[in-house]
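A quick write-up on the structure given underneath.
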Amino acid sequence: MIAATGNRLVVGIGAMEVTADPTASIITHGLGSCIGVAIFDPIAHVGGLLHYMLPEGREHPEKAAATPLIFGDLGIPRLFKAAYTLGAVKQRTVVKIAGGASLIDGAGLFNVGKRNFLLARKLMWKNGVTVAAEEVGGAVSRTIDLEMATGRLFISTPGEPRRELK
Amino acid sequence: MTRDELTPIFDKIHPLPEVAVRVLGAVDRDDTTVDDLAGLIRRDPLLDAACLRVANSPLMGIRYTIDSVERAIALLGRRALTKLIITACAGDTLQGGGAGYRLERCDLFRHGLAAAVASELVAGRLHVANPGLVYSACLLQDIGKIALDTWVAEQGIALHELMDDEVPFPEAERLAFGVDHATVGGWLAESWAFPTPLVEAITHHHHPERAADPTVARIVQLCDLLCLMQGIGCGADGLAYQVPDHLLEDLGLTAHDVSALAIDLATRLQEIDALATESVAP
């Protein structure tokens with residue numbers, strides 16, 4: 000799920016990457032209805048990125064056991080724990096969220112974009128974590144990359160210039 | 000925009016090789032044998048490299064190393080060989096969409112390939128009678144975007160400006176040009192002499208109820224939506240596509256089935272990406 004190219008770490012769907020390498024950047028492509036959660040502790044200089052696809056693992060227990068990072072409720076705690084093992088501290092960690100786009104779905108058959116985002120917000124709120132910036136919803140597929148040298152999160156969409164999410 | 004206006008554009012697009020078109024006409028037909036398919040492959044030596052690349056990709060799930068087309072013919076059954084030929088031939092055609100749809104070079108093939116893989120997952124659940132047709136239709140569903148994109152580039156039209164979160168993109172295409180990419184894809188498929196059921200599925204994959212066989216078109220639409228949901232090969236049109244209220248009911252699936260299919264597709268994405276990147280020449 001994760002392939003490293005030099006110091007550029009590419010995160011696939013249902014995967015995450017956490018690093019303390021200041022020369023690295025972590026990127027995930029084409030979020031669609033999925034959510035990308037980026038975290039960065041500017042003192043410990045530890046950052047991470049998770050790309051999850053569905054809100055809750057309990058709907059698919061067998062698949063959740065095999066691929067927990069596909070689910071937000073299982074992936075988000077793992078992302079934070081992995082960052083803590085590298086020295087990140089919760090109170091200093093800056094959290095940014097992107098993705099959660101939706102198809103035009105009146106009957107709500109594929110309505111996971113909004114549910115994905117609500118799950119992230121709920122988990123952050125329950126754990127006393129503030130979301131510093133977010134760009135969610137709409138119908139656009141987003142790519143995000145975390146620049147470890149600065150902790151800045153960049154966002155790009157097809158045909159539009161890359162810009163910082165802040 | 001009329002079909003006649005687009006005909007000069009069709010002539011500029013890299014068509015599927017003749018061997019692929021012949022194979023498309025033979026998918027799901029019990030009277031086609033491995034020997035028939037082998038004969039077609041042997042007539043087109045240029046197909047060797049592409050067939051070997053696909054045959055040896057993890058996506059195909061073949062446990063042996065395939066070092067020659069002859070070995071592929073010896074090892075594979077009719078259905079796998081059919082899929083191999085069609086997939087190998089599609090990479091050269093499914094390029095474009097960069098000007099108006101804002102797609103990266105291998106995005107059309109990546110999207111088609113992912114939808115085709117999704118169709119196999121769906122076919123496994125629904126016991127589809129014509130899995131080869133469904134696979135081909137998923138792979139080639141968006142050929143119309145190649146033609147429409149070339150046309151808007153020549154006209155200097157900013158296709159991405161049609162994007163509206165609330166308006167299905169095919170509807171926006173029709174409002175702007177009088178035609179959408181699915182209809183254009185059907186015209187192109189006809190001009191390449193694709194079999195009629197495949198033309199139908201491509202033409203109606205955003206309105207399956209209009210197809211002679213709505214089930215095939217519905218599966219193509221479902222697989223398309225599964226890919227869009229995961230951001231696979233999304234361009235400026237993004238996720239601005241309509242989910243019909245009765246799509247799942249008509250197919251006998253539930254929302255839980257859809258999320259299970261999405262998970263299964265996600266676990267194959269690394270293999271899909273690898274093959275898409277290798278197959279589309281830089």
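Residue numbers (numbering that gives the first Met the number 0), protein chains in the order written: chain Y, 0 to 165; chain S, 0 to 281. Glycine residues also receive a C-beta, built at the ideal position from the N, C-alpha and C atoms.
Discussion item. Strictly below 7 Å CB to CB, what residues from chain Y border S:H204?
Written reply: Ordered by position in chain Y, no residue passes the 7 Å Cβ test against S:H204, which lies about 15 Å from the chain.
Worksheet entry | Span separating the alpha-carbon of Y:A106 from that of S:P243 | Going from the Cα of Y:A106 to the Cα of S:P243 covers about 8 Å.
Worksheet entry | Y:M0, DSSP secondary structure in three states | Summary for Y:M0: the model assigns pLDDT 41, below 50, so the residue's position carries little reliability, and this model does not support an answer.
Worksheet item: The beta strand (DSSP E) with Y:F109 in it runs from where to where?
Response: Here Y:F109 belongs to no beta strand (DSSP E), and DSSP marks it neither H nor E.
Practice prompt. Below 7 Å CB to CB, which residues in the same chain sit around S:R101 once its five sequence neighbours on both sides are set aside?
Written response: Here the set comprises H159, G234, A235.
Worksheet item: Three-state secondary structure (DSSP) at S:F193?
Response: Collapsing the DSSP output to three states places S:F193 in coil.
Worksheet item: Is the region 45-53 of chain Y close to the region 65-72 of chain Y, with three or more CB pairs under 8 Å?
Response: With a cut-off of 8 Å, the region 65-72 of chain Y and the region 45-53 of chain Y count as touching, because enough Cβ pairs lie within range.
Practice prompt. Grab me the residues of S:I85's own chain with a C-beta within less than 7 Å of its C-beta, minus the 5 sequence neighbours each way, in chain order.
Written response: These residues qualify, in order along the chain: A19, V22, L23, S135, L138.
Worksheet item: What did DSSP end up calling S:E199 once you bin it into helix, strand or coil?
Response: Helix, per DSSP.
Worksheet item: Just by C-beta distance, which residues in the region 108-127 of chain Y are closer than 9 Å to chain S?
Response: Those would be L108, F109, N110, V111, G112, in chain order.
Worksheet item: Quick one: any contact between the region 137-155 of chain Y and the region 82-92 of chain Y, if contact means 3 or more CB pairs under 8 Å?
Response: At 8 Å Cβ cutoff, the stretches do not touch.
Practice prompt. Step through the CB atoms of chain S and report whether any lies within less than 8 Å of the CB of Y:L30.
Written response: When Cβ-Cβ separations below 8 Å define contact, Y:L30 makes contact with chain S.
Item to complete: Enumerate in chain order the residues of its own chain whose CB-to-CB distance from Y:M0 is below 8 Å, with the five nearest sequence positions on each side excluded.
Response: For Y:M0, the pLDDT reaches just 41, beneath the cut-off of 50, and the residue's location in the model is therefore unreliable, although a value from the coordinates is still provided. Excluding sequence neighbours, Y:M0 sits near V10, G11, I12, G13, A14, L68.
Discussion item. Does the CB of S:Y240 have a neighbour CB from chain Y at under 8 Å?
Written reply: Judged by the 8 Å Cβ criterion, S:Y240 is in contact with chain Y.
Worksheet item: Since S:L147 and S:H180 are thought to touch, with beta carbons under 8 Å apart, how far apart are those beta carbons, to the nearest angstrom?
Response: Separation of the CB atoms of S:L147 and S:H180 is rounded to 5 Å, and the pair is thereby assigned contact status at 8 Å.
Worksheet item: Is Y:G127 helix, strand or coil when you go by DSSP?
Response: It is coil, neither helix nor strand.
Worksheet item: Quick one: Cα of Y:I143 to Cα of Y:I34, how far?
Response: So the alpha carbons of these two residues sit roughly 10 Å apart.
Item to complete: In angstroms with no decimal places, state the Cα-to-Cα distance between Y:S32 and S:S190.
Response: Between the C-alpha atoms of Y:S32 and S:S190 there is a straight-line separation of about 36 Å.
Item to complete: Closer than 6 Å by C-beta to S:D263: which residues in its own chain qualify, once you throw out the five before and the five after it? Chain order, please.
Response: Exclusion of the five residues before and after S:D263 leaves L120 as the residues of its chain whose Cβ lies within less than 6 Å of its Cβ.
Fill in: CB contact check: Y:A3 to chain S, cutoff 8 Å
Unreliable placement is indicated for Y:A3, whose pLDDT of 46 sits below 50; the coordinate value is still reported in the next sentence. Not closer than 8 Å to any Cβ of chain S, the Cβ of Y:A3 fails to qualify, so no.
Worksheet item: S:D91 to S:L15, Cα distance in whole Å?
Response: Roughly 8 Å between the two C-alpha positions.
Fill in: Interface flag, Y:K95 vs chain S, CB-CB below 8 Å
No, its Cβ sits nowhere closer than 8 Å to a Cβ of chain S.
Item to complete: List in chain order: all unbroken alpha helix (DSSP H) runs of 4+ residues lying wholly within the region 6-87 of chain S.
Response: Runs of the alpha helix (DSSP H) inside the region 6-87 of chain S: 17-23, 33-41, 46-54, 68-74.
Item to complete: Anything in chain S within Cβ reach of Y:I12, meaning under 7 Å, just list it in chain order.
Response: Per Cβ cutoff of 7 Å: Q229, A265, L268.
Worksheet entry | Counted within 10 angstroms of its Cβ, other Cβ atoms place S:D10 as buried (16 or more) or exposed | Looking at its Cβ environment, which holds fewer than 16 other Cβ atoms inside 10 Å, S:D10 is exposed.
Worksheet entry | Candidates Y:M123, Y:T149, Y:A100: closest to Y:E134 by CA position | The candidate whose alpha carbon is nearest that of Y:E134 is Y:A100.
Fill in: Cβ pair S:V133, S:R77 closer than 8 Å
Against a cut-off of 8 Å, the Cβ pair of S:R77 and S:V133 comes out as no contact.
Practice prompt. Can you tell me which of the three DSSP states S:D263 falls into?
Written response: Residue state for S:D263 is assigned as helix, using DSSP reduced to three classes.
Worksheet item: For chain Y, is any of its Cβ atoms less than 8 Å away from the one on S:D164?
Response: Closer than 8 Å: yes.
Discussion item. Assuming S:L139 is part of the alpha helix (DSSP H), what are its boundary residues?
Written reply: DSSP places S:L139 inside the alpha helix (DSSP H), whose first and last residues are 130-139.
Worksheet item: Do we get a CB-CB distance below 8 Å when we pair Y:V135 with the residues of chain S?
Response: For Y:V135, the nearest beta carbon of chain S is not closer than 8 Å to its own beta carbon.
Discussion item. With a threshold of 8 Å between beta carbons, is S:L246 in contact with chain Y?
Written reply: With 8 Å as the cut-off, S:L246 counts as an interface residue toward chain Y.
Worksheet item: Whose Cβ in chain Y lies nearer than 7 Å to the Cβ of S:C233?
Response: Ordered by position in chain Y, the residues that pass the 7 Å Cβ test against S:C233 are G29, G31, S140, P157.
Worksheet item: Is the Cβ-Cβ distance between S:A294 and S:A49 less than 8 Å?
Response: What is shown of chain S runs 0 to 281, which leaves residue 294 of chain S out entirely.
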